[in-house]
Amino acid sequence: MTDTDAARIRLTVDGRSIEVKPGTTIAAALAIAGVRGSRLSVKGEPREALCGMGVCQECRVAIDGRAHALACQTLCRDGQRVQTRNGTVHA
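Position 16 (the sequence shown) corresponds to 16 in UniProt numbering; numbering is contiguous.
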């Protein structure tokens with residue numbers, strides 16, 4: 001089976017529909033989609049995934065309306081709605 005034959009997951013990031021492979025994390029989906037910065041710090045500086053294992057919590061986004069979800073620890077599901085600082089500011 002090739003990559004083109006594999007099932008795909010469709011989710012929405014800041015109102016834009018993207019497709020990824022099953023098993024992709026939200027943080028990876030953001031990178032694939034070219035999204036730079038998942039939130040703003042309290043000083044207004046852009047932040048994005050850094051450690052990739054949930055320790056730094058720099059990758060927080062809103063997923064299906066739930067704020068402060070860790071993008072690096074959350075697998076993509078079909079129909080998910082993800083909001084980053086580009087769509088909704090999360091400090």
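Here a beta-carbon is modelled for each residue, glycine too, at the ideal position from N, C-alpha and C.
- For the options Q83, V82, D78, the alpha carbon positioned closest to that of R8 is the one of D78.
- Counting only the Cα atoms, H68 lies some 20 Å from A33.
- Looking at the backbone, the Cα of E19 and that of V42 are separated by about 31 Å.
- Nearest neighbour of P46 by Cα position, chosen from C59, M53, V55, turns out to be C59.
- The Cβ atoms of D64 and R81 lie closer than 8 Å to each other.
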